[in-house]
Amino acid sequence: MNRKITRRHFFNRCNALALGSSSSLATLTSLQLAHAQTEPAENYKALVCVFLFGGNDAFNMVVPRNTDAYDTYAASRRELKVEQQDLIAVNNTQQAGMEFGLHPALADIAKLYTDGKLAVLANVGALVEPTSKAAYQSKSVALPPQLFSHNDQQNFVQSLQSSQRRDGWAGRAAERLSTTNVHPSLSMNISLSGSNLWQSAGSIIPYSVNPSGIQNIRNLDRKIAAETQDWGEIRERARVSTMEKILKLNQAHILAREYGSALNKAWDLSDEVGTALNAAAPITTAFPSDNRLGDSLKMAANMISVRSALGASRQTFFIGVGDFDTHGDQVRRHNLLMAQLNDALAAFYKATVELGIADKVTTFTASDFGRTLTSNGDGTDHGWGSHQLIMGDAVKGADIFGTMPDLAIGSNDDMGEGRIIPTTSMDQYGATLASWFGLQGSAFAEVFPNLLNFDTTDLGFMKS
Amino acid sequence: MLNDYTIPATAASKLRGATVLTAPGTIIAFFLLLSLSACGGGSSPPDTKPATPTASPTIPVEPSPTDAPTQQPQPSGPPPALGTPEPTTAPLKPDTSADPALPKPSSENYAAATKAARFLTQASFGPTAKSIVELMGKSQEQWITEQIALPQTFHLPLLDERLEQIGLVPAPETEEDTESWLRDIQRSDIWWESAIWGEDQLRQKMAYALSQLLVISNVSDVLFNDSRGIANYHDILARHAFGNYRDLLEAVTLNPMMGEYLSMVRNEKANEQRNIRPDENYAREIMQLFSIGLVELNLDGTVKLDEQDQVIPSYGQDDIKNLARVFTGWNMATIDNWWEWTSTGDAEILPMKAFNAYHDTTQKILFGSKIIPPNQTPQQDLDSALDIIFAHPNVAPFISKQLIQRFVTSNPSPEYVSRVASVFNNNGEGVKGDLSAVIKAILLDDEALTGHTSAPTSFGKLREPILKIAAIWRAFKAQGVPVSNLDNENSPIFNNRLRFRGTDREFGQRPYGSFSVFNFYRPDFQQPGAIKDSGLSSPEFQIMTDSQMITANSYTSFNIFWRDTQNQWPKSELVGEGWDIYPSQLYLEQEKALTENPAELLDRINLLLTSGQMSKTMYELILDNISNYNSATGEMMIYEALLFVTASPEFAVQR
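Pasting the structure below:
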């Protein structure tokens, strides 16, 4: 799978660097230095975003174990708390003197953590600039629009933009990195969950793959041989020809024109990507059954396995999984959600080992927001900061990065009802991942518009 | 308002003696449903049998969420009055009767026919030859008036009837998780049959539009095994389709399906001892999605800006906290004590019941200055809050614009929105929220009637996947298929069912099956590229992904080729398989009569599917292709033509 850098790529790369170094944004100098990268020996990397739609209650995913801290946690969470003896203890070096445990349904994830393949990023969330409780209360700080609203926060986490017109940060990254991929029409960004903002920008649209695989369009088979004598096949060849002409008609109506070009592209790619997948050796790693996240991650692994055939050296994958909006019946439902996450992530990690690229695929979680520490009776409401997981051999595993918040109701980290103010921003989280991914120079300020508001631009959870 | 619900007599008579059940497990199929992606990411390829539900895992569910309170709760007010069921008047049957002649392009009344077809594409689930000719004989306003007067096709009584037919008790005292799938397939059959065969087209289409605004969905496990409740919820939307939006908002707020979906049911006042506070879910979404939206709007639907050119939030977190306290104290109608847990077929349909002891009776303040006084009952608080929300000037443009987007165009001009919103605010008799006046204003507006000529490059909308199939099925007389019921070998065969529940896999969309309360797509979604660069919205594009376009077009042509009723093999191919999606048979007698003359056949398809708007170049490409068939292979000619048109960018856009 080693692919030589072609002349064209080399040329593009030089241009990108030149643009970076001649940038008039003097404030970026330090950034460029911080993110200066040498070309990796093996030129493939994938970022896999597992988006936990609805707002994951991560304060029950990673829980303090020291007696005082646990008691504070338990007092805030009451009926929703995870019992202390049920927590899976994990060590860390970054949170001095603090001990933590993972949700009991995360046994395999805890093993990956202990083996150094998985890290936790504490209390990350949507921020424009560092935000203290006092600044929040006095309204003296810029905030992302419509905190606590699902779709607005999904949009912010995926775009990092406060404006009405937005694009996604993986989309913006793709605009700057796509030239490393040789395929003319296959997007750098692959979605297992349809349209999403994260992977869209300008003309960048994610290529959407069904978790069950790529199908060829029915009754329009382009592979029928020209010399066929079969009446039905002769007719199908004629049908394909007519359909191709219809899709290429010049449409004055903008929706018709865009629909036509989208269907045309989908048809071409389903043939091509489908052929590549059919030719690939099947992945033998077992994935959990009845686990949609697992289905999607398995399909992502299949797509990664044909990266060379499709000329891809950089890819992102977007996988959304729902039902994390646990306003009610939380204890039971969150337990199932954690089990689903555990089984699916563990299988996916094994699949990357099988493909020999566990160090080239980094999987990370994101969510709308965290949840309130306080209970509404049998569930939680929309919060703000939240913990996230990062997995892969390129991750500095077995550690908890960022700053753990004080979980006492009314603490300086609580803006009300146990809505925890993030201590690390999504921009910092994304930039650390993108730095590993190969984003360079001035691109950082364009892809991560709030990054320069924060002191640390690399959170250090990736091996460089 | 409380008697504004459809309760079949059988259900009503059982209510008084309804026993409280310990919770049935609501967990089966949780993983099957857990993460249906926004694009309707499929679970199995077309044609393969969908996974049947596995045996119910024995995960116990707590019968009551908390310890029993010490204080005996007092139900407030009289028990809800039960409405009298109205029989479904028109039986849902496929059409095989002969069509009246449609005008030819050369005839002088062809323009009237295209106008009728275009209007029916907006106002119904799709034109038929009969509906086109009928509308040509009357004004569009008259058609709307007649549609409003038609009796409603009620889904719940039909569902109960069908459940009995297949040997199930419609509303058993103990629900079986294993029956859930079978029950929901019956419910889905009825949805499709009423959309395709029902007479009350405008009402059902309005209900469908409202179901995308006031969203509930059984993709989430929250509404697992609640098929009666969902059928009844649909009936409520249809019943209020031409009523007042304020009444609809109240009916939806008190509906137990919405109560479960957005967790207002069992929402109780703050309890310091347990460190709990009211659930904010419904309070947030009723404002964000069902009434006023996030930011202040002008009457024309454009966003209001302050002096610094910033948007003005319509509410803040304090409003949500206050409103969350309003919505406390409601629980299922069939229980006597707050802590009881129930999810029976009757509890699913009765409006929620107030329990005063669990209601927060302190004062609430909304929007900074609107005061809800202390010591009101749950119902009084709810009335006050809904009145305050309903009085907000955002409601008219917020709701009007989204209804325009469902019926007519994704990008209405501000003037169009303003005209409809004005009618929403005042129907001419001083009444706000009259949906019959609103739908008239939407469909009879100049922009709806002439947008295709005044803004030919942008007016209109992408057809929703569900509405594409509906248009084909109505125009070409879907007959349904004979089905048995899942893997039961002894199940009798039922003919003419439109069994089409698995559309989330094949088409990325299923009625009452959206990924979340945010519907299948957002009204302001912009497809990246030229559409976004032009500042236009394209909501439906959000679910038209690469994979959806392939599977949807594949299934559509699968649904066309060889589906004529004269062909026997599709029946033997499919019958008794117990799938959740079948390609319906089509009745193509009228079309087969035209295969001597391919141009006449294409003219008919052009009028029925594209309102005569097909471009000359596409028309000629198709004609050239199908002219290779003769009358002996005429059936193929029809299939080919339908494939080309239904897959084309020109059919993809309703304009």
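Keeping their order, the protein sequence lines are chains F and X. If you read the first sequence in this note's numbering, its first letter stands for residue 1, the second for the next number, and so on. If you read the second sequence in this note's numbering, its first letter stands for residue 1001, the second for the next number, and so on. All residues carry an ideal CB built from backbone N, CA and C; glycine is no exception.
(1) In the structure shown, what three-state DSSP assignment does I1028/X receive?
(2) Nearest by alpha-carbon distance to L451/F: which of L439/F, A431/F, W436/F is it?
(3) In chain order, what are the residue ranges of uninterrupted alpha helix (DSSP H) at least 4 long that sit wholly in the segment 1520–1572 of chain X?
(4) Can you tell me where the beta strand (DSSP E) with K1364/X in it begins and where it stops?
(5) Taking the CB atoms as reference points, tell me whether D469/F and L160/F lie closer together than 9 Å.
(6) Going by DSSP, which residues form a beta bridge with R371/F?
(7) Do you know offhand how far T1178/X's Cα is from L1168/X's?
(8) If L1159/X sits next to S1227/X, beta carbons under 8 Å apart, how far is it from one beta carbon to the other, in whole angstroms?
(9) Below 8 Å CB to CB, which residues in the same chain sit around E1415/X once its five sequence neighbours on both sides are set aside?
(10) Spell out the partners DSSP gives Q388/F in its beta bridges.
(11) Nearest CA to the CA of I190/F: which residue from T179/F, I204/F, I283/F, Q330/F?
(12) Once you ignore the five residues that flank N1425/X on each side, which residues in its own chain have a CB closer than 7 Å to its CB?
(13) Nearest-angstrom Cα distance between M400/F and V120/F?
(14) Looking only at C-alpha atoms, which of R1499/X, D1221/X, A1385/X, D1546/X sits nearest to L1249/X?
(15) Which ranges does the alpha helix (DSSP H) cover as unbroken runs of at least 4 residues, wholly within the segment 1580–1629 of chain X, from first to last along the chain?
(16) Select from the segment 298–324 of chain F all residues with a C-beta closer than 7 Å to any C-beta belonging to chain X, and list them in chain order.
(17) When you compare the CB positions of M1287/X and I1371/X, do they come within less than 9 Å of one another, or not?
(18) Determine, using beta carbons only, whether A34/F comes closer than 9 Å to chain X.
(19) Tell me which same chain residues have a C-beta within less than 6 Å of the C-beta of S208/F, skipping the five on either side of it?
(20) In or out: T1026/X buried (at least 16 other Cβ within 10 Å) or exposed?
(21) Output, in chain order, the set of chain F residues within a Cβ distance shorter than 9 Å of N1628/X.
(22) Does the count of Cβ pairs from the segment 1522–1536 of chain X and the segment 1218–1226 of chain X closer than 8 Å reach three?
(23) Output, in chain order, the set of chain F residues within a Cβ distance shorter than 7 Å of D1580/X.
(24) For a test of the three-state rule: what should DSSP assign to G1428/X, helix, strand or coil?
(25) Within 9 Å (strictly less), CB to CB, does R218/F reach chain X?
(26) With DSSP as the reference, identify every bridge partner of M462/F, one or two as the case may be.
(27) Starting from R1497/X, trace the beta strand (DSSP E) both ways and give me its first and last residue.
(28) In angstroms, rounded to a whole number, what distance separates the CA positions of N60/F and L102/F?
(29) What in chain X is Cβ-close to Y207/F, meaning under 7 Å?
(30) So that I know if they touch, is there some Cβ in chain X lying closer than 9 Å to that of E258/F?
(31) Kindly indicate the opening and closing residues of the alpha helix (DSSP H) around A1209/X.
(32) Considering only DSSP beta bridges, list what F401/F is partnered with.
(33) Under 6 Å Cβ to Cβ from N1298/X, same chain only, skipping five residues before and after it: list those, please.
(34) So what does DSSP say about K1461/X, is it helix, strand or coil?
(35) Going by DSSP, what residues sit across from Y207/F in a beta bridge?
(36) Enumerate in chain order the residues of its own chain whose CB-to-CB distance from L269/F is below 7 Å, with the five nearest sequence positions on each side excluded.
In terms of the structure at hand:
(1) Interpretation of I1028/X is limited by its pLDDT of 28, a score under 50 that renders its predicted location unreliable; the figure taken from the coordinates is listed afterwards. Of the three classes helix, strand and coil, the one that applies to I1028/X here is coil, per DSSP.
(2) A431/F
(3) 1530–1533, 1546–1558
(4) 1364–1366
(5) Residue 469/F cannot be examined here, being either before or after the span of chain F that is shown, 1 to 464.
(6) H382/F
(7) 12 Å
(8) 7 Å
(9) D1300, E1447
(10) L121/F
(11) I204/F
(12) A1396, K1432
(13) Looking at the sequence provided, one finds Ile at residue 400/F rather than Met. So the alpha carbons of these two residues sit roughly 5 Å apart.
(14) A1385/X
(15) 1589–1592, 1598–1610, 1616–1626
(16) G320, V321, G322, D323
(17) no
(18) Summary for A34/F: the model assigns pLDDT 41, below 50, so the residue's position carries little reliability; its value from the coordinates is reported in the next sentence. So, not an interface residue.
(19) S191, G194
(20) Unreliable positioning characterises T1026/X in this predicted model, as indicated by a pLDDT of 30, which lies under 50. The coordinate reading is nonetheless provided below. With 16 or more Cβ atoms within 10 Å of its Cβ, T1026/X is classed as buried.
(21) R235, A238
(22) no
(23) Those within 7 Å of D1580/X in chain F number zero; the least Cβ separation is about 15 Å.
(24) coil
(25) yes
(26) V395/F
(27) 1494–1497
(28) 8 Å
(29) D1546
(30) yes
(31) 1201–1211
(32) L121/F
(33) K1304
(34) strand
(35) I190/F
(36) S185, L186, Y207
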